[in-house]
Structure formats: C-alpha cells, structure tokens
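Per this note's numbering: the sequence shown = residues 195 to 530. A virtual CB, placed ideally from N, CA and C, is assigned to each residue, including glycine. Bear in mind the structure is a predicted one, so any value in this text is a computation, not a measurement. Input: a single structure, listed below in structure tokens.
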Amino acid sequence: MKGEAMANPGPRNLITDVEGIRVGNAQQPSIATGVSVICPDARSVCAAHVAGGGPGTRETDALKLGTLVDDVDAVVLSGGSVYGLAAADGVIAEMGAEGKGFGLMDVAGVPRSPVVPSAILYDLANGGDKAWGAHPPYAALGREAYHACASDFALGKSGAGYGAQAGALPGGLGSASIVTEDGFSVGALVAVNCFGSVKLPNSDAFWAAPFEQDQEFGNIPYPQTFSFDPEDWGQAKVNPGARANTTVACIATNAALTPSQTQRLADMAVAGMARAIRPVFAPFDGDIVFALSTAKKPLDAPEPMQLARLGELAASTLARAIARGVYEAGRENLTA
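Here it is as structure tokens:
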C-alpha cells in the first residue's frame, strides 16, 4: 500500500511464518504421490475459492457463508485424484481421537466432528505403481502427514506435490510468506500440478518473476525485450485430460477476519495463480485456494483498506509460492 513501510518474507519464508500454523507432509515414492496437511493450533475461520473447471473437493460446501460451522480444524491437500480425498479420513480419525473438532454440545460418549476441508490433484498417470486394488494409501498418508505437522517442512518433491507435473516441467510443493512492519503476516502453501506453463515461452524466466523476494526461485529476470504469440502457451502440457491438472493452495494470515472477510481474502488470492501460470483455470484444471485466519492480530481501521492490502499480499505470495515449488522440484531433479 503506497506510503506504508516495506514488507519482507518471514524468517522461514514458509506458510508457517504465520503464527499458529504448522504443516506436515507424507509421501510414498513407489506410488509417486503424497499428502500435505495444514494444521492451525486452534480452530480457524476458513473459506475457499474454486476457480478451475474440474475440481475435486471435500467439505467446501460447509465453508459457504450462512452455514453452521465457521471454523475448521485442518486443511488437506492431496495427490491421488478422487482416491486422495480419503486422506482427510486419516486426519479426521486422528483429530477425533484427540478430542478435537466441532460439537454442538458436549454429550458423554458422543465424539466431536473434526471439520477438514480438502482438495486433490491428479497424479495417477505419473508412472508410480498405482496397483493398490481396494486399499488406496491415502488415509494412512493423511495420518502420517498429520503427525508430521511442524514449523519446518520440505518443498519441491514433497507432500501433495510429490507426484505433480507443472506443464512440461516437474511440479512440486511450494511455500512463501510476507510479514509487514506493522505485524500482519500472510503465507501460502501450494501443490503445483497445472496444465499451463509457469515460465515465459522460449525463456527460463518464471511468470512470477516480478514478485520474487531474495532470489527464492533463482533470480531469473524477464528478458529485456520479449514478445510471443498469444496462442503460444510455452511449456504447457501437450495432451491435457479432464480433471488431470490442478493447482491446490492454502493461504493463511494472522489477521482476525470474519467469515465474509476470509472469503474475500480467498477471492483475491486466486489472482496469484493467474500471475504465475498461463493458461490457468482451464476446463480441465481443478484450481482452488483455501484461506485461513488464525485471528492473532485484529484489523486496524479502516478495515476494508486493510483487507484489500492483505488480499494483494496473498495474491503475490501465492504467485511466489507457485514458482518456488516448481523451482525446488527442478533443483531436486538436477541432483537426483
């Protein structure tokens, strides 16, 4: 916001720079898939914006304004297409056993109900051994990821991004954060499995290059002069299939937001995908952004201006996280 002091990435440059957020990853290399769990320390207001034409989600209806439950216990991002929605089963079982979740009233012998929205990406055709028969691994991976939740976690080929493909490039798990001098923090976590390209045609530069902080994805600037055919999609996937491509993401902030304000944060944050991927929100993409408020810091007046500020920070931070996920996955491929 013009006139404000500079904002900078947090100490980890991860979504966990937002106070009260932890992340856990689990993956199964032989299957080439994985799961990521975003776990707030306390139940948090959550919203979702579905932008792609082929989404795979769970519990997103419960996040709509006017529904009973405003807060969630965790958010799950998973590979595995429709099978991956079962990752939330493992998380719910573990949280329920710990007595966490929503309860309209406390009644002896009646378990609470953890609210765990989730979204999946398609990684079924990536060469891993998917011959799991009637026993997909995702509930177990969800349990493992939940118990791995911590402040530090791996990027690139990790968690939900383990089996991802970003256009013609290896996809992966990305994260980034931004902290303002007046104490607001915004973080993003994303599994990048997009149909579109994250790089300019005929260039190694990321579309998200203008938003890069501290050389976090290679410091490769835009060419000084460049032009391209509007129909040239660069390193996009050649043969996209229905529901075969998805970028699934979660934004978190320490700002204390209402459900309506959290929805606006998600609505603004989705612009970060358009800044980092081209084309995006295609009919065969399942793109979605969740937004979480940990409510650690009240909004200052005027609230609408502060919300606009947070939404812009969320969009640019998500764009950075997308490029960083692909960059980290590519670096792992070079050293493998």
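Taking the alpha-carbon of E292 as reference, which of F389, S345, G284 has the nearest alpha-carbon? Nearest of F389, S345, G284 to E292, Cα basis: G284.
Contacts around A256, its chain only, beta-carbon distance under 6 angstroms, and the 5 residues preceding and following it disregarded: In chain order, V263 place their CB closer than 6 angstroms to the CB of A256, counting only its own chain and leaving out the 5 sequence neighbours on each side.
State the Cα-Cα distance for the pair G274 and P498, rounded to the nearest angstrom. C-alpha separation (whole angstroms): 39 angstroms.
Starting from P364, follow its DSSP beta bridges and name the residues at the other end. Beta-bridge pairing links P364 to Q359.
For D346, count neighbouring Cβ atoms within 10 angstroms of its own Cβ and tell me buried if that reaches 16, exposed if not. Label assigned to D346: exposed.
By DSSP, does H341 sit in helix, in strand, or in coil? Secondary structure at H341: helix, using DSSP grouped into helix, strand and coil.
Are the beta-carbon atoms belonging to A281 and Y332 less than 7 angstroms from one another? At the C-beta level, A281 and Y332 come within 7 angstroms of one another.
Buried or exposed: Y340, going by 16 or more other Cβ atoms within 10 Å of its Cβ? Its Cβ being crowded by 16 or more others within 10 Å, Y340 is buried.
Tell me which same chain residues have a C-beta within less than 6 angstroms of the C-beta of S352, skipping the five on either side of it? N219, L367.
So L493 packs on A465, CB below 8 angstroms; how close in whole Å? In this structure L493 does not touch A465 by the C-beta definition: roughly 21 angstroms separates them, more than the 8 angstroms allowed.
Between the beta-carbon of Q455 and the beta-carbon of L501, is there less than 7 angstroms? Taking a C-beta distance under 7 angstroms as the contact criterion, Q455 and L501 qualify as a contact pair.
Starting from the N-terminal side, write out each stretch of the alpha helix (DSSP H) that is 4 residues or longer and does not extend beyond the segment 460-526. For secondary structure counted as the alpha helix (DSSP H) over 4 or more consecutive residues, the segment 460-526 holds these complete runs in sequence order: 465-470.
Around the Cβ of Q418, are there at least 16 other Cβ atoms within 10 angstroms (buried) or fewer (exposed)? Q418 is classed as exposed because its beta carbon has fewer than 16 other beta carbons within 10 Å across all chains shown.
Roughly how many angstroms lie between the CA atoms of S238 and P453, to the nearest whole one? So the two alpha carbons sit approximately 10 angstroms from each other.
Minimum C-alpha distance to G531 - residue among M462, V442, K491, L507: Only positions 195 to 530 of the chain appear in this structure, which leaves residue 531 out of reach.
Apart from the five residues on each side of it in sequence, which residues of its chain come closer than 6 angstroms, Cβ to Cβ, to G412? These residues qualify, in order along the chain: Y521.
Going by DSSP, what residues sit across from L383 in a beta bridge? The partner list for L383 (beta bridge, DSSP) reads S369, C444.
Considering only residues of the same chain and omitting the five flanking positions on each side of P415, which have a CB-CB separation below 8 angstroms? If we look at P415 and ignore the five residues flanking it on each side, its Cβ neighbours are A399, A403.
Looking only at C-alpha atoms, which of H243, A523, A508, A348 sits nearest to N202? Nearest C-alpha to N202: A508.
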